[in-house]
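First the structure, in the form of structure tokens, and then the observations on it.
There are 2 protein chains.
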Amino acid sequence: MGQQKIRNMEEFAAVSGISRPTLSKYFNDPDSVRRSTREKIEAALSQYDYRPNVYAVNQNRRKTRNIGVVVPNLSDPFFSEIGREVELACLAAGYSPILLSSHGNPAQERANLDSLRALKPAGVLLAPFGKASDREAIARFCRDVPVVTFDANVEGVCEAFVGTDNFQSVELIVEYLCRSGEPPCFFEMKTPSNPNANKRRQAYLEAMERHGFAPHIHQVPGEGWNFEEIGATEGGRLISAGAFETDTVLCSNDRLAIGMLSAAYELGLRVGHGKDCAMRIAGQDDHPFSRYTCPPLTTIAQDYGAIANRAASTLFRIIESETRLTEREETLFDGKLVMRASA
Amino acid sequence: MGQQKIRNMEEFAAVSGISRPTLSKYFNDPDSVRRSTREKIEAALSQYDYRPNVYAVNQNRRKTRNIGVVVPNLSDPFFSEIGREVELACLAAGYSPILLSSHGNPAQERANLDSLRALKPAGVLLAPFGKASDREAIARFCRDVPVVTFDANVEGVCEAFVGTDNFQSVELIVEYLCRSGEPPCFFEMKTPSNPNANKRRQAYLEAMERHGFAPHIHQVPGEGWNFEEIGATEGGRLISAGAFETDTVLCSNDRLAIGMLSAAYELGLRVGHGKDCAMRIAGQDDHPFSRYTCPPLTTIAQDYGAIANRAASTLFRIIESETRLTEREETLFDGKLVMRASA
DNA sequence: GAAAATAGTTATCGCGCGTAAAATTTAATT
DNA sequence: AATTAAATTTTACGCGCGATAACTATTTTC
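Taken in sequence, the protein lines are chains B and A. Under this note's numbering, the first residue of the first sequence carries the number 1, and numbering increases by one thereafter. Under this note's numbering, the first residue of the second sequence carries the number 1001, and numbering increases by one thereafter.
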């Protein structure tokens, strides 16, 4: 490795024998220079380890190669997983992802968009809160920066949305539950901020009607992101009160289900589809911990990878075409039934 | 809000009636200008919403106000929690945190340090892998940038380390387990990359000796970060083979314990300290999910907040003093026993 | 082998701000 | 009111690189 320290592109030009403008071209796109010069540059590069100053580069470029990635809550393994998938897609395409969590706080979502604005990103991948999001702030942001939303939709805002088809996936699990035992009741929070929750409720109603069963929806109070706590406390209360009309409960998401499973355990109830079981509990999302609950949770798996990659590639397409989409795109992937022991 | 768009500090100087150098001073430290001028500036600021260009600022500043935060794996709620605490501490002190995950991959840790170097951070808070980390790369990085490590120590490297006192906390739980039932066996991975694991094993040996019991350590094979999987597969295997000498197992960390709990459930064993229970299982770390396992996990809680804040404040002290520490500091916080139903 | 196309060079400007020194104003002190 | 210290303004330069124009060198084409 290097002898003297290279301080800037000028000095690197001197030691590599390549002119500065050509180096500049190379760093912006290695394939834009002739093969032989590229090899010369890379030879020098391996000798002197020089890297262009990020700040100087981004100050002058019309658009940076930064991609902002905003998720509502990194403490939720669901979002840390999908956030990671998105990051990888960005890196693979030669962009620099910047991952920000809104920490379960819609105000932080706004703050994150503000921070991102200062970084002049080429585009942003946003998993918004949904109803709790500041729709106006997001819309304003979208005017300045190309944005693709994923996981949760904000109707009509942003270039495109990529998520899971809740109607398909709820039908899938409702059908399974009806076929394999008593039809499911539906368990959710009273005021879910996530729009998927509303779609899932609606999908449950339709699916139950389609299969000729009466729907039973149970909504419980609770604020914030401590879904397991709410599932345990309120779910446990409903169970011990005998509030559920059937022995099967479909939870609006896995984290509520995880909480409810722990409550059932506390109550000494055996959960599952065996003969000796008192009830069945199912979730939605295939949370990373769902296979380690007691019993392991039957759920609907979202296709993390497909959603992340489609969201990213859609954004890249917009960025590289340098034009906004003429029409807002919505892409929904199918969920997959994951059968485990809980239902 | 603003009429015309302010494009740079020059223009903002014009509309605010304050000279550009003074504005520059203000943005670097609002308290460095006279109260009356600060008010003038802030009045103009609320009218014209102008923000200095991040890239231009950082290009010229000797040191930026960026703080790199590197954790081994954001998918692990333990690290997303402590990462968040660290972020908050940075923001509160007026720094800009940049959170990077090494995704369970030591090579990525190196890559993250390389990326950070390009951002010329004022300092870095690093939770390293430990033995799996590239010690040489970290040491080299520490020569250029002040670094405080937390959670896992890399002996002798970096300015300071902040973590949990494993000897204190293991003694705490071993004492409790011995007092309340059969003395614990110890369950861990054969080749743990995390140095805490080694300390915990050592601490277990010492604690058992102190209490006059024979130690029993069970090490299982397994690679990577899928601890729950390893705990479930290998832990389940040991349980059904009757390999544990006593009815009590202390796991090296909560995630192994979570896996083992699910294995015990599968085997139809009741875990806990009740009379009808077949075995006890305890963990270490107080993982966010530990209170929702079946049964809820007895464990040792690390003081996330204290560790994060001490690590951050130590780093700030180094940064602001503009001198390296004369002597490497190590701070260990006590763990707290969290008694739940599993042991 | 000459013309055309491609790639590289030199030269120069601009980006938005930090920073330093000198000149000037303002506030605090006696 | 005079003295002094502190804050602000003016002026001027530099950071490292992107971008472009006008040339020159190299490679391709027939």
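Cβ coordinates follow ideal geometry from the N, Cα and C atoms, glycine included.
Proximity winner among the options, relative to residue i (alpha-carbon distances)
i         : options                                    : result
B/Val15   : B/Asp49, B/Ala301, B/Arg34                 : B/Asp49
B/Leu325  : B/Gly94, B/Gln219, B/Tyr55, B/Val157       : B/Val157
B/Phe369  : B/Ser180, B/Asn194, B/Arg201, B/Asn196     : Shown here, chain B extends from 1 to 343; a query on residue 369 of chain B therefore has no answer.
B/Cys251  : B/Ala278, B/Val124, B/Ile173, B/Glu209     : B/Ile173
A/Phe1150 : A/Ser1313, A/Glu1322, A/Leu1337, A/Ile1319 : A/Ser1313
A/Val1147 : A/Met1339, A/Val1338, A/Ile1319            : A/Ile1319
A/Gln1059 : B/Val70, B/Asp276, B/Arg7                  : B/Arg7
A/Arg1135 : A/Arg1117, A/Val1154, A/Leu1126            : A/Val1154
B/Glu245  : B/Leu88, B/His218, B/Met189, B/Leu261      : B/His218
B/Phe12   : B/Gln47, B/Asp29, B/Asp31                  : B/Gln47
A/Glu1159 : A/Gly1094, A/Ala1343, A/Tyr1265, A/Thr1323 : A/Thr1323
B/Ser54   : A/Ala1044, A/Lys1336, A/Leu1091, A/Arg1117 : The amino acid at residue 54 of chain B is misidentified as Ser; the sequence shows Val. Comparing Cα-Cα distances from B/Val54 to each of A/Ala1044, A/Lys1336, A/Leu1091, A/Arg1117, the minimum goes to A/Arg1117.
A/Phe1079 : A/Arg1317, A/Arg1255, A/Ser1115            : A/Arg1255
A/Leu1309 : A/Ile1082, A/Ala1132, A/Pro1072            : Rather than Leu, the amino acid found at residue 1309 of chain A in this sequence is Asn. Answer by Cα proximity: A/Ile1082.
B/Ser19   : B/Asn28, B/Ala207, B/Ser32, B/Ile41        : B/Ile41
A/Ala1122 : A/Pro1128, A/Gly1094, A/Ser1133            : A/Gly1094
B/Leu238  : B/Pro128, B/Asp276, B/Met260, B/Cys178     : B/Met260
B/Gln108  : A/Val1249, A/Ser1240, A/Arg1084, A/Leu1100 : A/Arg1084
B/Glu87   : A/His1103, A/Pro1077, A/Pro1072            : A/His1103
B/Pro106  : B/Ala137, B/Cys178, B/Thr233               : B/Ala137
9 Å Cβ cutoff, residue i in contact with chain B
i         : result
A/Cys1090 : no
A/Tyr1026 : no
A/Tyr1304 : no
A/Gly1002 : Residue confidence is low: A/Gly1002 scores 47 on pLDDT, short of 50, so the model does not pin down where it sits. Its coordinate-derived value is still stated next. No, its Cβ sits nowhere closer than 9 Å to a Cβ of chain B.
A/Tyr1095 : no
A/Ser1019 : no
A/Val1342 : Rather than Val, the amino acid found at residue 1342 of chain A in this sequence is Ser. A/Ser1342 does not count as touching chain B.
A/Ile1098 : yes
A/Pro1296 : yes
A/Ser1262 : yes
Contact with chain A by residue i, beta-carbon distance below 9 Å
i        : result
B/Gln59  : yes
B/Ser102 : no
B/Glu300 : First, the residue type needs correcting, since residue 300 of chain B is Ile and not Glu in the sequence shown. Judged by the 9 Å Cβ criterion, B/Ile300 is not in contact with chain A.
B/Ala118 : yes
B/Ser180 : no
B/Gly274 : no
B/Gly259 : yes
B/Thr293 : yes
B/Ile138 : no
B/Glu266 : yes
B/Phe12  : no
B/Ala127 : no
Which residues DSSP lists as bridging residue i, in chain order
i         : result
B/Cys185  : B/Val249
A/Arg1280 : A/Thr1248
A/Ala1264 : Bridge partners of A/Ala1264: none, in fact.
A/Gly1163 : A/Leu1332
A/Val1271 : A/Met1279
B/Ile258  : Paired residue(s): none; B/Ile258 is not in a bridge.
A/Ile1067 : A/Pro1097, A/Gly1123
4 or more residues per run - each alpha helix (DSSP H) lying fully within the segment 282-342 of chain B: 304-321
Members of the segment 165-177 of chain B that neighbour chain A once the beta carbon cut-off is set at 7 Å: none
Proximal residues, the segment 224-251 of chain B versus chain A, C-beta separation under 8 Å: Glu228, Ala232
Against chain A: residues of the segment 26-58 of chain B by CB proximity under 9 Å: Arg51, Pro52, Asn53, Val54, Tyr55, Ala56, Val57, Asn58
Unbroken stretches of the alpha helix (DSSP H), 4 residues or longer, contained in the segment 13-52 of chain B: 20-28, 35-48
Length-filtered (4 minimum) alpha helix (DSSP H) runs lying within the segment 200-240 of chain B: 227-240
4-residue-minimum alpha helix (DSSP H) runs that sit fully inside the segment 1097-1125 of chain A, ordered along the chain: 1106-1118
Near-chain B residues of the segment 1074-1085 of chain A (beta-carbon distance less than 7 Å), N- to C-terminal order: Leu1074, Ser1075, Pro1077, Ser1080, Glu1081, Arg1084
Interfacial residues, the segment 278-290 of chain B to chain A, with Cβ spacing under 9 Å: Pro288, Phe289
Every unbroken alpha helix (DSSP H) within the segment 1125-1156 of chain A, with a cutoff of 4 residues, ordered by chain: 1135-1144
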